[in-house]
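Chains as they are written, first to last, in the working numbering: chain U, 7 to 359; chain L, 6 to 591. The next block holds one structure in the form of structure tokens; read it before the comments.
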Ligand code: B12
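As structure tokens, this is what we get:
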């Protein structure tokens with residue numbers, strides 16, 4: 007297969023029409039375009055990362071900016087998944103290099119990135135089993151015992167799942183299977199992945215192929231999570247979760263803090279929406295990283311702003327959390343910083359997504 | 006009290022060794038007169054096992070006891086004794102002036118050297134033979150290293166229950182600690198053996214060999230005929246996987262790995278001929294250590310193969326109980342999602358099925374919930390699904406199909422007192438000329454399906470009684486038409502009865518479900534099914550899970566282009582099915 011110098015141009019020239027097809031949920035056209043690129047000699051990895059992955063991010067940006075509704079986003083994502091499958095169907099079965107099991111963490115429903123990773127690994131000669139979205143740790147462990155792959159690759163899109171990630175990583179390592187982590191949920195540079203003691207991290211599937219070839223875990227002492235028995239604060243916060251969400255919902259008097267324009271609210275269920283804030287705070291406490299919570303609020307602020315939703319509801323939630331966690335110094339400092347950060351005119355450097 | 010003037014030395018030297026404590030060496034009342042001979046202090050020093058040398062500020066040896074002279078025969082009192090002293094000074098070279106301790110090897114003995122500076126620029130050297138001490142310590146350390154290795158081996162070998170992974174761990178551990186390369190051969194299976202080879206600090210490889218090509222000793226050990234350690238000759242090492250790598254493999258030792266009754270495998274340790282093999286094995290493998298390691302490896306391999314056997318049995322059973330991949334049906338778009346409560350097994354009491362009409366006009370579909378959870382429910386489910394598959398050939402009308410199913414289930418219930426009643430929705434979908442879809446839905450005590458319309462959502466009340474509970478059960482049907490893009494969502498009560506909310510006890514409920522589906526008519530069937538499952542399980546985040554199944558039947562929005570094959574689109578695997586690439590249709 008030749009990699010023509012015009013390759014990026016081929017992708018670029020197809021991208022607008024491809025995105026247009028996603029917007030119309032026209033899976034036929036979208037598949038045709040993607041598969042056509044393969045026919046032109048573009049490598050599957052480039053189609054999957056450069057076309058499908060890039061489109062997915064753009065979908066996310068449009069949704070975040072309030073320009074696309076949830077339904078539009080879902081429809082386009084679903085077509086995107088079909089495209090991955092159609093491209094994958096043209097990749098011959100691999101296996102010579104070894105076997106990898108790919109899965110999402112418990113509670114993680116962003117399956118598309120993991121699907122892309124699966125197909126890129128397959129295109130590079132690995133036998134891949136994709137376990138799908140939201141794989142509970144115990145399910146993963148029993149699968150690993152049964153099939154004994156060389157590596158398990160875990161994908162995490164949202165840092166909210168990091169406490170669950172820790173459980174899953176430990177469960178996988180207990181079966182003697184090394185863990186490769188990836189996805190934005192593990193931190194931009196994989197820093198949270200390392201704190202949770204993974205055997206390797208890669209920023210993307212192409213880099214993952216190189217990492218897998220090096221087998222960095224071979225002969226090395228098993229990595230150790232720098233988080234042990236996570237802070238007592240996390241345990242306490244988990245215990246109080248119900249009460250905290252309850253207090254926040256009471257304060258909101260039945261309204262969602264993220265309720266917005268009828269066609270396109272950021273959220274609608276006060277219980278789930280307040281729960282999300284608590285869980286992000288929980289993840290920040292678990293990792294003792296206040297930047298995690300700040301990033302989340304930064305994202306939230308811009309998504310609310312794009313929909314002209316006031317941050318009043320969010321302030322109320324943060325206030326209730328601060329009251330309910332008055333004896334939790336780390337959580338309190340996250341909340342204090344957060345409220346500071348939400349003040350109009352406040353600019354912060356980080357948190358770019 | 007300054008004793009610097011107190012002579013200790015023999016008459017040949019004036020000046021004295023400064024002594025700081027008088028308890029050991031009582032000071033003589035006066036300088037002894039000639040004849041020069043060993044002083045009392047010297048005689049005392051001569052009696053001890055430690056060598057003692059004293060030098061003055063110029064480096065001249067002023068005193069040396071018998072032990073010191075025995076250790077360093079070139080030592081001469083009254084001289085610089087450069088050669089002898091150089092040995093000591095080199096030993097403590099790092100610390101030229103100050104007090105220092107070091108160890109040095111003299112004629113195969115280990116000597117501990119201690120230098121202490123004394124007043125007046127003098128230096129005292131103490132030499133102690135620590136050879137035996139060191140040997141004891143070394144063997145203690147070696148013993149510790151052995152037990153550390155064995156402990157590490159045990160904990161690593163205890164991890165996996167997969168035979169291949171375990172075999173590889175055995176090979177890696179052995180190659181790193183016991184040999185220059187190690188091969189593990191698993192028992193003969195269908196005339197072949199699987200082997201795992203690993204190089205010291207190097208890569209590992211796997212392969213399969215014919216049992217007939219095994220070297221005799223390996224075959225005998227695998228068969229359980231020779232169980233002790235044995236040697237393989239160089240000419241037996243000429244084939245994969247024992248082929249020598251690099252410069253001369255001198256030979257190999259092999260050892261059966263004891264399992265349950267028969268060997269769980271054989272371990273072959275390859276050693277390179279070169280003496281500097283850099284491994285513990287280059288000095289010859291420590292047979293005891295290898296045997297202990299083999300014990301542990303054998304236990305781990307045996308446990309893994311036992312587990313694999315049980316898992317295979319379970320998998321065969323399970324295959325008939327797993328949810329099916331959706332078929333491709335012309336003119337009908339389908340999407341499904343399934344989350345069993347018993348995650349480890351992936352089976353449960355919820356089910357769905359779609360059977361394309363043999364004449365090519367649409368499909369029969371169903372979704373339901375057998376009472377109970379886990380394996381028992383899964384078995385009842387499998388039976389029910391097989392019944393419908395058979396009955397469907399006799400009857401396509403949904404209501405009469407439910408009647409037949411009710412009778413069949415009551416009969417089998419009577420036969421083996423299994424209270425396997427169920428709630429079910431059965432329907433047919435027939436494409437319309439207009440591009441839409443006509444559905445006939447019949448229900449047996451199941452939550453009402455939800456229609457996702459262009460202008461909102463509605464539920465279809467179809468009532469009916471439980472299936473398989475009473476002989477006089479009554480079923481009804483309703484007919485609905487779907488416009489292109491519209492969907493009918495079937496779900497089990499695992500969705501609406503998911504417990505969550507603030508206190509973890511509130512049900513997700515039909516209202517939340519219908520709210521969730523508003524505006525979803527633009528979404529493909531699979532995305533709708535996923536959305537419902539996602540939200541139900543998020544609601545459920547804290548509590549125990551119930552089985553969840555969702556089936557979406559949709560009138561396609563975009564018709565397939567003429568003559569296009571749907572095949573290539575449909576390899577999006579169900580969430581739990583391996584994407585190993587078997588579906589590589591192009
Ligand atoms: C599609 C989508 C969904 C779909 C997912 C469906 C599916 N089948 O995948 C659904 C609707 C379920 C969803 C839900 C939610 N989503 Co969403 N989603 C997205 C979207 C648009 C695309 C995701 C994607 O596929 N990206 C493309 C891939 C290719 O990029 P990637 O994830 O970076 O992956 C690459 C690398 O990171 C790496 N990689 C990834 N995994 C791995 C694994 C390994 C082993 C390796 C080596 C590498 C690797 O390789 C990939 C390929 O290059 C993103 C937008 C975005 N920017 O990504 C939002 C996004 C991730 N979602 C977001 C949010 C907030 C949510 C929700 C919380 C919304 C809500 N309020 O309900 C829920 C949470 C659900 C849950 N609990 O999991 C936010 C996250 C914001 C934040 N700061 O964390 C984003 C960024 C949208 C946005 N711009 O605001 N989402």
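Even glycine gets a Cβ: it sits at the ideal position worked out from N, Cα and C.
Any contact between the segment 182 to 192 of chain U and the segment 147 to 158 of chain U? By contact I mean 3 or more CB pairs, one from each, below 8 Å. yes
Between which two residues does the beta strand (DSSP E) containing residue 371 of chain L stretch? By one-based count along the second chain, residue 371 of chain L stands at place 366. From DSSP, the beta strand (DSSP E) with residue 371 of chain L extends over 368 to 375.
In chain order, what residues of the segment 178 to 196 of chain U put their CB closer than 9 Å to some CB of chain L? Listed by position, the residues of the segment 178 to 196 of chain U near chain L (Cβ gap below 9 Å) are 179, 180, 181, 182, 183.
Can you tell me whether residue 24 of chain U is buried or exposed, with buried defined as 16 or more other CB within 10 angstroms of its CB? Here the question's residue 24 of chain U lines up with position 18 in the first chain. Residue 24 of chain U comes out buried.
Give the DSSP bridge partners of residue 275 of chain L, in chain order. Locating residue 275 of chain L in the second chain gives position 270, counting from the first residue. L:186, L:257, per the DSSP bridge assignment.
Taking CB distances under 7 Å as the criterion, tell me whether residue 507 of chain L reaches chain U. One-based indexing of the second chain puts residue 507 of chain L at position 502. Taking Cβ atoms only, chain U reaches closer than 7 Å to residue 507 of chain L, which makes this a yes.
Would you check if the segment 191 to 198 of chain U and the segment 175 to 188 of chain L touch, i.e. whether three or more CB-CB distances between them fall below 8 Å? no
Using a Cβ-Cβ distance under 7 Å, would residue 210 of chain L count as near chain U? For the purposes of this step, residue 210 of chain L is taken as residue 205 along the second chain, with counting starting at 1. Using beta-carbon distances, residue 210 of chain L does not count as an interface residue toward chain U, since no partner is under 7 Å.
Nearest to residue 465 of chain L by alpha carbon, out of L:173, L:473, L:456? As a first step, residue 465 of chain L must be located in the second chain, where it is residue number 460. Comparing Cα positions, the closest option is L:456.
Indicate whether the contact test is met: 3 or more Cβ pairs, each with one atom in the segment 61 to 71 of chain L and one in the segment 81 to 91 of chain L, closer than 8 Å. By the Cβ criterion, the segment 61 to 71 of chain L is in contact with the segment 81 to 91 of chain L, since at least three pairs of Cβ atoms, one from each stretch, lie closer than 8 Å.
Using beta carbons (cut-off 7 Å, strictly below), is residue 165 of chain L in contact with chain U? Position 160 of the second chain holds residue 165 of chain L. With 7 Å as the cut-off, residue 165 of chain L counts as an interface residue toward chain U.
Do you know whose CA, among L:365, L:354, L:390, lies nearest residue 497 of chain L's CA? If you number the second chain from 1, residue 497 of chain L lands on position 492. Ranking the options by Cα distance to residue 497 of chain L, first place goes to L:354.
Can you pull the chain L neighbours of residue 84 of chain U, defined as C-beta to C-beta under 7 Å? Counting from 1 along the first chain, the entry for residue 84 of chain U is found at position 78. 528, 529, 531, 532, listed in chain order.
Cβ-based contacts, 8 Å cut-off: residues of the segment 433 to 454 of chain L near chain U: none
Rounded to whole angstroms, what's the CA-CA distance from residue 299 of chain L to residue 171 of chain L? Just pull it up for me. Position 294 of the second chain, counting from 1, holds the residue named residue 299 of chain L. Position 166 of the second chain, counting from 1, holds the residue named residue 171 of chain L. Each residue's Cα considered, the two are about 13 Å apart.
Please list the residues of the segment 304 to 318 of chain L that have a C-beta atom closer than 8 Å to any C-beta atom in chain U, keeping them in chain order. From the segment 304 to 318 of chain L, only 312, 313, 316 have a Cβ closer than 8 Å to chain U.
Roughly how many whole angstroms lie between the Cα atoms of residue 519 of chain L and residue 341 of chain L? Residue 519 of chain L sits at position 514 when you count from the first residue of the second chain. Residue 341 of chain L sits at position 336 when you count from the first residue of the second chain. If you take the alpha carbons of residue 519 of chain L and residue 341 of chain L, they lie about 17 Å apart.
Using a Cβ cut-off of 7 Å (strictly closer), state whether residue 151 of chain L contacts chain U. Here residue 151 of chain L is taken as the residue at index 146 of the second chain, counted from 1. Not closer than 7 Å to any Cβ of chain U, the Cβ of residue 151 of chain L fails to qualify, so no.
Hey, residue 136 of chain U and residue 148 of chain U are a contact pair by Cβ (cut 8 Å); roughly how many whole angstroms apart? For the purposes of this step, residue 136 of chain U is taken as residue 130 along the first chain, with counting starting at 1. For the purposes of this step, residue 148 of chain U is taken as residue 142 along the first chain, with counting starting at 1. No, residue 136 of chain U and residue 148 of chain U are not in contact; Cβ-Cβ is about 17 Å, not under 8 Å.
Collapsed DSSP secondary structure at residue 356 of chain L in the structure displayed: For this step, residue 356 of chain L is matched to residue 351 along the second chain. Three-state result, residue 356 of chain L: strand.
Tell me whether residue 270 of chain L counts as near ligand 1, meaning its Cβ is closer than 6 Å to at least one heavy atom of that ligand. Translated into positions along the second chain, residue 270 of chain L becomes position 265. Outside the cutoff, so no.
Any non-hydrogen atom of ligand 3 within 6 Å of residue 119 of chain U CB: Questions concerning ligand 3 fall outside what the structure shown contains, since the ligands it does hold are ligand 1.
Nearest CA to the CA of residue 165 of chain U: which residue from U:261, U:321, U:284? Mapped onto the first chain, residue 165 of chain U falls at position 159. Per the Cα distances, U:284.
List, in chain order, every chain L residue whose beta-carbon is nearer than 7 Å to that of residue 75 of chain U. One-based indexing of the first chain puts residue 75 of chain U at position 69. 524, listed in chain order.
Residue 58 of chain L and residue 50 of chain L: beta carbons closer than 7 Å? Position 53 of the second chain holds residue 58 of chain L. Position 45 of the second chain holds residue 50 of chain L. Contact flag unset, no.
Mapping the DSSP letters down to three states, classify residue 559 of chain L as helix, strand or coil. Locating residue 559 of chain L in the second chain gives position 554, where the first residue counts as 1. DSSP places residue 559 of chain L in strand when its eight states are reduced to three.
Whole angstroms is fine: what's the gap from residue 530 of chain L's alpha carbon to residue 557 of chain L's? For the purposes of this step, residue 530 of chain L is identified with residue 525 of the second chain, where counting begins at 1. For the purposes of this step, residue 557 of chain L is identified with residue 552 of the second chain, where counting begins at 1. For residue 530 of chain L and residue 557 of chain L, the distance between alpha carbons rounds to 6 Å.
Which parts of the segment 80 to 118 of chain U are runs of the beta strand (DSSP E), unbroken and 3 residues or longer, counting only runs that do not cross its ends? 104 to 110
Using the beta-carbon count (16 or more within 10 Å), is residue 358 of chain L buried or exposed? Taking the first residue of the second chain as 1, we reach residue 358 of chain L at position 353. Around the beta carbon of residue 358 of chain L, a 10 Å sphere encloses 16 or more other beta carbons of the protein chains shown; the residue is thus reported as buried.
Length of the line joining the Cα atoms of residue 191 of chain L and residue 221 of chain U: Here residue 191 of chain L refers to the residue found at position 186 of the second chain. Here residue 221 of chain U refers to the residue found at position 215 of the first chain. For residue 191 of chain L and residue 221 of chain U, the distance between alpha carbons rounds to 24 Å.
Using the beta-carbon of each residue, which ones in chain L are nearer than 8 Å to residue 151 of chain U? Numbered from its first residue, the first chain carries residue 151 of chain U at position 145. Within 8 Å of the CB of residue 151 of chain U, the CB atoms of chain L belong to 165, 166, 167, 312, 316, in sequence order along the chain.
Of the residues that make up the segment 115 to 137 of chain U, which ones have a beta carbon closer than 9 Å to any beta carbon in chain L? 115, 117, 121, 124, 125, 128, 133, 134, 135, 136, 137
Could one say the Cβ of residue 539 of chain L lies closer than 7 Å to chain U's Cβ atoms, at least one of them? Within the second chain, the letter at position 534 stands for residue 539 of chain L. Taking a beta-carbon distance threshold of 7 Å, residue 539 of chain L counts as an interface residue toward chain U.
From the beta carbon of residue 276 of chain L, is the nearest beta carbon of chain U less than 7 Å away? Position 271 of the second chain, counting from 1, holds the residue named residue 276 of chain L. Judged by the 7 Å Cβ criterion, residue 276 of chain L is not in contact with chain U.
Run through DSSP, which three-state label would residue 461 of chain L get? Walking along the second chain from the start, residue 461 of chain L turns up at place 456. Here residue 461 of chain L sits in strand by DSSP.
Can a CB atom of chain U be found closer than 7 Å to the CB of residue 5 of chain L? With chain L covering only 6 through 591, there is no way to say anything about residue 5 of chain L.
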